[in-house]
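Worksheet for the structure shown next.
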Amino acid sequence: MKTRRIDNYGKINRDKILSFRWDKKSYKGFEGDTLASALLANNIGIVGRSFKYHRPRGIFSSGVEESGALVTIGSKDRRDPNVRATTQELYNGLEASGQNAFPNVNFDLAGINNYLGRFFAAGFYYKTFMGIPPLEWGKGTAIWMFFEKFIRKAAGMGSASGLPDPDAYEHAHDFCDLIVVGSGPAGVAAAIEAAEKKLDVILVEQDSLIGGNQLAENDFDNSQIKNQLENLGIKIMTRTTAFGLYDNCVVGLLERVTDHISAPNVNIPRQRFWTIRAKHIIVGAGAIERHIAFNNNDIPGVMTVNASKHYLNRYGVLTGKRIVIATNNDSVYETAHQLSEAGANVTVLDSRTNFEIETNKSFEIRKGYVPYNINGSKKIDSLDISKIEIINKSETINCDQVLLSGGWSPAVHLLSHRGVKPKWDYNNACFLPSDTKENITMVGSSRGLWNKNDCIASGIAGTTDALNRLGISKTNYFFPKPGGWKNPIQPLYEVKYKKSRSKSFVDYQHDVTTDDVRLAHREGFISVEHLKRYTTLGMANDQGKMGNIIGLSLMAELLNKEIPEVGTTVFRPPYTPVSIGALSGRNVGKHFRPLRVTPMHQWNIDHGAKMIEVGLYQRPWYYPKENETLSDSYIREASTVRKTVGICDVTSLGKIAIQGPDSTEFLNRIYSNGFSKLQVGRARYGIMLRDDGIVMDDGTSWRLAENEYFMTTSTGEAAKVLSWLEELLQTRWTDLNVNVTSVSEQWAGVSVAGPKSREVLNNCVDDSLVVTNNNLPFMGVTSTFLKGNIPCRIARISFSGELAFEVYVKSDFANTMMDLLWVNAKKYDGCLYGLEALGALRVEKGHVTAAELDGRVTIDDAGLSKMASTKKSYIGSAMRKRGVLKNNDREILVGFFPTNLKETFNAGTIVCEKNNIKGQGIGRITSVTYSPELGHWIGLGFVKGGLDKWKDTNLVGADPVRNKQMNLKVVSPHMIDPKGERMYA
Amino acid sequence: MIRINCPYCGERDHSEFSYGGDATINYPSLDASEKEWTQAIFFRKNIKGFQFETWHHSNGCRMWLVVERSTVTHEIKSVKPCHPDLQKVVENNK
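Line by line, the protein sequences give chains A and B.
Oh and the first sequence: position 50 is 50 in my numbering, straight run, nothing missing.
Add 985 to a position in the second sequence, counting from 1, and you land on the number used in my numbering.
The structure is reproduced here in structure tokens:
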């Protein structure tokens, strides 16, 4: 195969040959190539198949706007689909393949879709598979749901590997005075001007090289510019895309660190996701050349004019031999020169008739001519051209390449992210950026300047604008006027040729044709936003960078309006795709969120604990012996607690120190029950309500001294409760003299529960008298010492319903405490118990936790009316009595037994009346367990009207998720020892 | 991204803070009527423009702050401690 590479052109390093594979065949390229330039050099024309019609597609561009050359890079777990070949740098050993084709892009069986084209027009799937009576009658969306699976399979381009991503990604942050996006002449001028004025500047460039579109010039050398920028201390970030602008001058960057390296160092991330906080943003993002819609304008060999200039001057690739350039503006003539100088036979079709242009006459110019049809299927054979006035079969030119330039669209995307709508410029046939009050300035061709000198002047003006806005200077400045071509552009978006049924593409990648736009119009989807969603115009990887304006102009014509009246769709981040890996950064796997462990975490594991996550905490779940299953283990643990004694790590409970002269008054206001008479050395269970009268959390508060309390909260609500207390003290009750401090991490806590718990503690404390029933009665608190002179706090609190104690020591003593307690518990055949057994014990006892207190429950619903003081006002006391919370049919806490005691049920079961099993029923089961004490399954939950209403009725538990149903009876939530005799023992 | 100039810690990212709510509510006394509490809890103005709102520097100094922020542009005009005594201290230290 003949190479298209030519001598004496390009900035590639011809001494460094790279080999790569395309569709399983080996090829060669050079250092400095992109995959696209290497494919073109190797004369590979077809690189992909289109989305719907599976038409062969080639390389359309040389940059991020590419909508044809989307390929898959890499293999196995490093397979990366939908990569633009035009921006993928070549490296040795790169593996790439075409996608959306079977068996390959040269011969694709689904190419038949091209001939079924009229069935695949816009809205095809919706029309065909949704709402077709009578198929759809009475079936809801079932038909759509059925077909959707197949449609999803047929749609899409490349496919992801489906394997875990082996690469690392990083999040990084930086600050600067000025960030400049784009290193073309405008961006570089702005950056230099700013650095000379002592601003701290970051210059961002998505390409591997700085220079912007100057890289397409044959005599451009960026080394001098690079030195100058570096000497001024400007931070240059290449291979980095500014993908989005956010509030307060925050810029999101994606830095591709190793995507161009064949064997990257495993210690550096593949990509970095940067959050830059700047004081001012200058955007010199350039402009993007548009194509023109006409029949078969997608045949491989069609390209933008600027792209072919890039391939010639940057990569030394002459993309065609017999080239036709179709244009409506002046920008193509330099390229035409250079292509003919390089040896191509060039013809320029210019849709304009009256204009003057200086040329060396090395190529022909056909004034007033336009292309209207390409002949060929996998490559261009010839081009039909016509006078613009009447499109008529007149002339055919033999050629192998058609270059298009329908004008240039300034890259206003980043400004659009800030909600600034661009304005249409009739003279230049493009959208220009509008001014904004935010510290963002657009420079260069992204504000519609087509000449290099104007771009440089705009860069300097942009920095002056920035300095003025930052209050550093007060200098007058002006921006050059948009435009800069000698002859005005003539709007040309589509060449219509009616006598043909060929397709004329607006959006290449999504196969949106001019007929699709007209169909959308006929069917009433005339708003830009509807047009976009109905036809998927501009919704492909390139986000309409090339085709959007053409679609708009067609709709404007159909509506008999001007383009600005039709509007433009809002561009949203990201400017170019951002990998999900980069978004998640290091927050994956175990680093997905913080992990909290208790100080005796290792001790628990060493003693056989299986752990479970509770919020952020790792807590012991159960301690299996030998071959025990979870249920064997927790049943044994719970039975042991009821029989002798068990030890459980409860450190994860929130712990708050409350200090100050008004502490008692404070607690009295936040808890629903009275705290004013709590004596020093006693603890009390308390319930906190929210302002609206719903239960927020429960816990205990221990009075350690006259003005000092130790509060415990539930594990999950600890942070919320602390914030709430701080809010009250800092915003509402600013006269109260109270300090609240989180001491959750400072104390390690353990529950010692069971009839033998006192004996165990007797052996562990220095002075065994402190834990006698007299000295430490139920809800008593003492500060004392464990053996070995370890200071500790002990409270006689029971969650299990047994005689029980909570013991707290400073976190550093956690393991010592566990050793001490465990040695002594073993003497009484005690056990270590985990969360599962803890749950079983508390369900038996009817104690509520987060499963019940879910933010919808009142104190009365939870059966805790006695906890609501009538002698004082407190947070929520007014609102808990409001209408809806007083309804008779509120769901009230009850216990559940299966009618057939051999049956089981699950939490989440819906409770229904026997002959009315539907909807949300009359209640729900929130917690279930096997009760070792009762010998069958039991549950806690809620039912409308509570125990009194249903105690003698047979109810049904419906569990549609697990396809289960069982008969239930409602019982008191206090399923064992209702009088609490064991706790007081 | 919103940047909040905490009077204690300096300018920080909003990710360090938790949003509270309307800072202009005068909560009634605990023994006030259900009607007064309903008004204080459930009725909010939907302001277009600057509003006073509370933010908690929950991953910082743990102070509750009154932030005057535009709901349209996120521009922040002022940041003060909620507690009136602390407001005075900050004011005097300026």
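No residue lacks a Cβ here, since even glycine has one placed at the ideal position from N, Cα and C.
Predicted, not measured: the structure shown is a model, and the values here were computed from it.
Requested in this report: Measure the Cβ-Cβ separation of residue 506 of chain A and residue 550 of chain A and say whether it is below 9 Å.
Outcome: Taking 9 Å as the Cβ cut-off, residue 506 of chain A and residue 550 of chain A qualify as a contacting pair.
Query - For residue 999 of chain A, the residue or residues it bridges with in DSSP - result: Only positions 1 to 985 of chain A appear in the structure, and residue 999 of chain A is not among them; the question remains open.
Query raised in the report: Can we say the region 730–748 of chain A touches the region 678–698 of chain A, given the rule of at least three CB pairs closer than 8 Å?
Result: No: fewer than three Cβ pairs fall under 8 Å.
Query raised in the report: Is the shortest distance between the beta-carbon of residue 730 of chain A and the beta-carbons of chain B less than 9 Å?
Result: So yes, residue 730 of chain A belongs to the interface.
Requested in this report: Would you list the residues sitting across from residue 535 of chain A in a DSSP beta bridge?
Outcome: Beta-bridge partners assigned by DSSP to residue 535 of chain A: none are found.
Query raised in the report: Which residues, in order along the region 661–677 of chain A, keep a beta-carbon less than 9 Å from a beta-carbon of chain B?
Result: Cβ contacts with chain B: 669.
Query raised in the report: Any contact of the region 645–656 of chain A with the region 607–627 of chain A, i.e. 3+ C-beta pairs under 8 Å?
Result: Because the criterion of three Cβ pairs below 8 Å is met, the region 645–656 of chain A and the region 607–627 of chain A touch.
Query raised in the report: Any beta-carbon of chain A closer than 9 Å to the one on residue 1063 of chain B?
Result: No - not a single Cβ of chain A is within 9 Å of the one on residue 1063 of chain B.
Query raised in the report: Using DSSP with H/G/I as helix, E/B as strand and the rest coil, what is residue 355 of chain A?
Result: It is coil, neither helix nor strand.
Requested in this report: Quick one: residues in its chain with C-beta nearer than 7 Å to the C-beta of residue 758 of chain A, no 5 flanking neighbours on either side, listed in chain order?
Outcome: The residues are 771, 803.
Query raised in the report: Residues in its own chain within less than 6 Å of residue 190 of chain A by CB, not counting five upstream and five downstream?
Result: Apart from sequence neighbours up to five positions away, the residues of its chain that approach residue 190 of chain A with a beta-carbon distance below 6 Å are 180, 282, 443, 459, 462, 463, ordered along the chain.
**Report entry** Whole-number beta carbon distance between residue 950 of chain A and residue 928 of chain A, since they are thought to touch under 8 Å
**Finding:** The pair is not a contact, with the Cβ atoms about 18 Å apart (cut-off 8 Å).
Query raised in the report: Does the beta-carbon distance from residue 393 of chain A to residue 386 of chain A come in below 9 Å?
Result: Yes, the Cβ-Cβ distance between residue 393 of chain A and residue 386 of chain A is below 9 Å.
Query raised in the report: Which residues in the same chain have their Cβ closer than 7 Å to the Cβ of residue 788 of chain A, if we skip the five residues on either side of it in sequence?
Result: Counting only Cβ-Cβ distances below 7 Å, and skipping sequence neighbours, we find 816.
Query raised in the report: Counting only beta-carbon atoms, is residue 1001 of chain B nearer than 9 Å to chain A?
Result: No, residue 1001 of chain B does not count as interfacial toward chain A.
Query - Any 3 or more C-beta pairs closer than 8 Å across the region 816–831 of chain A and the region 842–856 of chain A - result: Fewer than three pairs of CB atoms, one per stretch, sit closer than 8 Å, so the region 816–831 of chain A makes no contact with the region 842–856 of chain A.
Query raised in the report: Relative to the C-alpha of residue 898 of chain A, which residue among A:724, A:920, A:921, A:925 is closest?
Result: Closest option to residue 898 of chain A, Cα to Cα, is A:925.
Report task. Ignore the nearest five residues each way along the sequence and tell me which others in residue 583 of chain A's own chain have a CB closer than 7 Å to its CB. Result -> In its chain, beyond the 5 residues on either side, 273 have a beta carbon closer than 7 Å to the beta carbon of residue 583 of chain A.
Query raised in the report: Excluding the five sequence neighbours on either side, which residues of its own chain have a C-beta within less than 6 Å of the C-beta of residue 511 of chain A, listed in chain order?
Result: Contacts found: 50, 51, 52, 53.
Requested in this report: Take residue 747 of chain A as the anchor and find which of A:441, A:696, A:765, A:656 has the nearest alpha-carbon.
Outcome: It is A:656.
Query - Partners in chain A for residue 1076 of chain B, counting only beta-carbon separations shorter than 7 Å - result: Correct list: empty, because the minimum Cβ distance to chain A is about 16 Å.
Query - Cβ separation of residue 975 of chain A and residue 895 of chain A, assumed to be a contact under 8 Å, to the nearest whole Å - result: At roughly 5 Å, the Cβ-Cβ gap stays under 8 Å, so residue 975 of chain A and residue 895 of chain A are in contact.
Requested in this report: Check whether the region 323–336 of chain A touches the region 19–29 of chain A, taking contact to mean three or more Cβ pairs, one atom from each stretch, closer than 8 Å.
Outcome: At 8 Å Cβ cutoff, the stretches do not touch.
Report task. Grab me the residues of residue 375 of chain A's own chain with a C-beta within less than 6 Å of its C-beta, minus the 5 sequence neighbours each way, in chain order. Result -> Result list for residue 375 of chain A: 381, 382, in chain order.
Query raised in the report: Are the beta-carbon atoms belonging to residue 663 of chain A and residue 709 of chain A less than 9 Å from one another?
Result: Going by C-beta atoms, residue 663 of chain A is nearer than 9 Å to residue 709 of chain A.
Report task. Report all residues from its chain with a CB closer than 8 Å to the CB of residue 556 of chain A; omit the five preceding and five following residues, and keep chain order. Result -> Around residue 556 of chain A: 562, 563, 565, 566.
Query raised in the report: DSSP state of residue 762 of chain A, grouped into three classes?
Result: Residue 762 of chain A: helix per DSSP, three-state reduction.
**Report entry** Distance, residue 260 of chain A Cα to residue 1039 of chain A Cα
**Finding:** Outside the displayed range of chain A (1 to 985) lies residue 1039 of chain A, so it cannot be described from this structure.
Query raised in the report: Does the beta-carbon distance from residue 482 of chain A to residue 428 of chain A come in below 9 Å?
Result: A contact, by the Cβ cut-off of 9 Å.
Query raised in the report: Which residues of chain B have a Cβ atom closer than 8 Å to the Cβ of residue 421 of chain A, listed in chain order?
Result: Simply none; closest approach about 15 Å.
Query raised in the report: Is it true that the region 339–354 of chain A meets the region 314–324 of chain A, where meeting means three or more beta-carbon pairs spaced less than 8 Å apart?
Result: Yes: at least three Cβ pairs fall under 8 Å.
Requested in this report: Kindly say whether residue 1004 of chain B, judged by its beta-carbon, lies nearer than 9 Å to any beta-carbon of chain A.
Outcome: No, residue 1004 of chain B lies away from the interface with chain A (no Cβ there is under 9 Å from its Cβ).
Query raised in the report: What does residue 987 of chain B reach in chain A if we use C-beta pairs closer than 7 Å?
Result: One finds 247, 248 in chain A with Cβ atoms closer than 7 Å to the Cβ of residue 987 of chain B, taken in chain order.
**Report entry** Among A:574, A:99, A:67, nearest to residue 74 of chain A - alpha-carbon criterion
**Finding:** Among A:574, A:99, A:67, the Cα nearest to that of residue 74 of chain A is on A:99.
Query raised in the report: Would you say residue 988 of chain A reaches chain B, if we count a Cβ-Cβ gap shorter than 9 Å as a contact?
Result: Outside the displayed range of chain A (1 to 985) lies residue 988 of chain A, so it cannot be described from this structure.
Report task. Can you have a look at residue 921 of chain A and say buried or exposed, based on whether 16 or more other CB atoms are within 10 angstroms of its CB? Result -> Buried.
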